[in-house]
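Worksheet: one structure, shown below.
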Amino acid sequence: MEATELGALYDAWASRLLAYMMTITRDRSKAEDALHNLFVKLAGGKAELRDPAVYLFTAARNEAIRLSRRRLEKPLADLDVLAAPSESAGLRDALDRLPSDQLDVVVLHVFEGLTFRETAEVLGIPQDTAASRYRYALEKLRELLEP
Amino acid sequence: MTLEDRLRSIRLEADAGPLKASVLRACRERKLWRWTWVAAAVVMAVAIPVNLAVDRVSRVIVVRALPSELPVDVQEALRVRRILATTRPMFPRTVEEIR
Chain A
5 MEATELGALY DAWASRLLAY MMTITRDRSK AEDALHNLFV KLAGGKAELR
55 DPAVYLFTAA RNEAIRLSRR RLEKPLADLD VLAAPSESAG LRDALDRLPS
105 DQLDVVVLHV FEGLTFRETA EVLGIPQDTA ASRYRYALEK LRELLEP
Chain B
3 MTLEDRLRSI RLEADAGPLK ASVLRACRER KLWRWTWVAA AVVMAVAIPV
53 NLAVDRVSRV IVVRALPSEL PVDVQEALRV RRILATTRPM FPRTVEEIR
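Those protein sequence lines, which keep their order, are chains A and B.
Per the numbering used here, residue 5 is the first one in the first sequence, and the count goes up by one each step.
Per the numbering used here, residue 3 is the first one in the second sequence, and the count goes up by one each step.
Dropping the structure here:
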């Protein structure tokens with residue numbers, strides 16, 4: 005991949021990928037290392053990505069998991085990665101209490117705007133499973149937010 | 003406002019801009035290293051067989067007598083080259099050479 009193409013790819017995707025990797029590593033410096041490794045690998049690859057969102061988020065997820073080994077229990081709120089309006093502050097705290105497989109689906113489908121098909125491909129699960137995990141996540145959030 | 007609307011009001015934010023220069027530099031360096039290894043491999047692949055071939059040829063050089071009508075300095079240069087061309091290799095390459 006040429007330097008200009010890589011630069012354009014970086015401008016278009018790097019911030020989103022960094023934020024996503026922070027939700028996995030729960031550590032900014034590890035996420036930055038993962039982003040660094042990801043783009044170094046991309047530089048040696050082909051220029052045309054057939055489905056960039058799926059490809060990049062899958063690669064980002066794999067790299068973040070490889071570097072973090074296990075998910076830290078550090079709350080997302082401490083990372084300064086979730087920007088929520090003041091009325092959604094409680095919801096942000098509730099997200100931290102979701103099981104990680106449901107949080108993955110919420111992050112990719114809602115925050116990153118991926119379809120259920122793309123989300124399922126990134127996570128390596130069937131599309132129906134992604135949709136049901138999203139439904140369970142909403143139910144769990146409703147429970148957590150009930151007064 | 004539904005729960006999904008509230009979820010969509012939350013954004014994931016991280017700025018990767020400050021990392022761009024170092025990431026792109028690392029990419030360039032990686033590419034440069036790769037080409038360095040390729041170049042080294044090509045040189046080795048060409049240089050070793052050529053060197054061996056030249057070495058084989060130099061052993062069968064027919065050394066003629068120096069023409070006497072040449073100037074002295076040219077004769078001296080040719081004499082040195084003849085010595086170099088007929089000098090035995092530093093290390094024996096066959097069992098017969100050792101014997």
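Note that beta-carbon positions come from the ideal geometry of N, C-alpha and C, so glycine has one too.
Please return the same chain residues whose Cβ sits closer than 7 Å to the Cβ of residue i, not counting the five positions on each side in sequence.
{"i": "Asp37 (chain A)", "result": "Leu71"}
{"i": "Leu39 (chain A)", "result": "Ala18, Leu21, Leu22, Met25"}
{"i": "Gly49 (chain A)", "result": "Met5"}
For residue i and residue j, what's the separation of their Cα atoms in angstroms?
{"i": "Asp15 (chain A)", "j": "Met3 (chain B)", "result": "33 Å"}
{"i": "Val25 (chain B)", "j": "Glu150 (chain A)", "result": "45 Å"}
{"i": "Thr38 (chain B)", "j": "Val44 (chain B)", "result": "10 Å"}
{"i": "Leu83 (chain A)", "j": "Arg32 (chain A)", "result": "7 Å"}
{"i": "Glu124 (chain A)", "j": "Ile28 (chain A)", "result": "Here the sequence assigns Ala to residue 124 (chain A), which means Glu is not the residue at that position. Cα-Cα distance, rounded: 17 Å."}
{"i": "Leu14 (chain B)", "j": "Ala93 (chain A)", "result": "14 Å"}
{"i": "Ile69 (chain A)", "j": "Ala18 (chain B)", "result": "19 Å"}
{"i": "Leu53 (chain A)", "j": "Val52 (chain B)", "result": "42 Å"}
{"i": "Ala79 (chain B)", "j": "Arg27 (chain B)", "result": "52 Å"}
{"i": "Val76 (chain B)", "j": "Ile85 (chain B)", "result": "14 Å"}
Beta-carbon separation of residue i and residue j under 8 Å?
{"i": "Glu116 (chain A)", "j": "Phe61 (chain A)", "result": "yes"}
{"i": "Ala64 (chain A)", "j": "Met5 (chain A)", "result": "no"}
{"i": "Leu131 (chain A)", "j": "Arg139 (chain A)", "result": "Reading the sequence as shown, one finds Gln at residue 131 (chain A) and not Leu. No, the pair does not count as a contact, with Cβ atoms beyond the cut-off."}
{"i": "Val110 (chain A)", "j": "Leu118 (chain A)", "result": "no"}
{"i": "Ala81 (chain A)", "j": "Asp100 (chain A)", "result": "yes"}
{"i": "Ala12 (chain A)", "j": "Cys29 (chain B)", "result": "no"}
{"i": "Ile12 (chain B)", "j": "Leu42 (chain A)", "result": "no"}
{"i": "Arg10 (chain B)", "j": "Val114 (chain A)", "result": "yes"}
{"i": "Arg36 (chain B)", "j": "Val44 (chain A)", "result": "no"}
{"i": "Gln106 (chain A)", "j": "Ala141 (chain A)", "result": "yes"}
{"i": "Arg8 (chain B)", "j": "Leu95 (chain A)", "result": "yes"}
What are the partner residues of residue i, as DSSP defines its beta bridges?
{"i": "Arg10 (chain B)", "result": "Answer is none; Arg10 (chain B) lacks a bridge partner."}
{"i": "Ala87 (chain A)", "result": "B:Arg13"}
By Cβ distance, which residues of its chain are closer than 6 Å to residue i, with the 5 residues on each side in sequence left out?
{"i": "Leu145 (chain A)", "result": "Ala98"}
{"i": "Val48 (chain B)", "result": "none"}
{"i": "Ala35 (chain A)", "result": "Leu22, Met25, Met26, Thr29"}
Run the proximity test for residue i: is its beta-carbon closer than 7 Å to any non-hydrogen atom belonging to the ligand GTP?
{"i": "Tyr14 (chain A)", "result": "The ligand content of the structure shown is nil, which means the ligand GTP is not present either."}
Around the Cβ of residue i, are there at least 16 other Cβ atoms within 10 angstroms (buried) or fewer (exposed)?
{"i": "Val126 (chain A)", "result": "buried"}
{"i": "Leu72 (chain B)", "result": "exposed"}
{"i": "Leu54 (chain B)", "result": "exposed"}
{"i": "Arg137 (chain A)", "result": "buried"}
{"i": "Lys112 (chain A)", "result": "The residue asked about is misnamed: residue 112 (chain A) is Leu in this sequence, not Lys. It counts as buried."}
{"i": "Asp55 (chain A)", "result": "exposed"}
{"i": "Leu34 (chain B)", "result": "exposed"}
{"i": "Asp57 (chain B)", "result": "exposed"}
{"i": "Ala42 (chain B)", "result": "exposed"}
{"i": "Glu6 (chain B)", "result": "exposed"}
{"i": "Arg73 (chain A)", "result": "exposed"}
Once you ignore the five residues that flank residue i on each side, which residues in its own chain have a CB closer than 8 Å to its CB?
{"i": "Ala16 (chain B)", "result": "none"}
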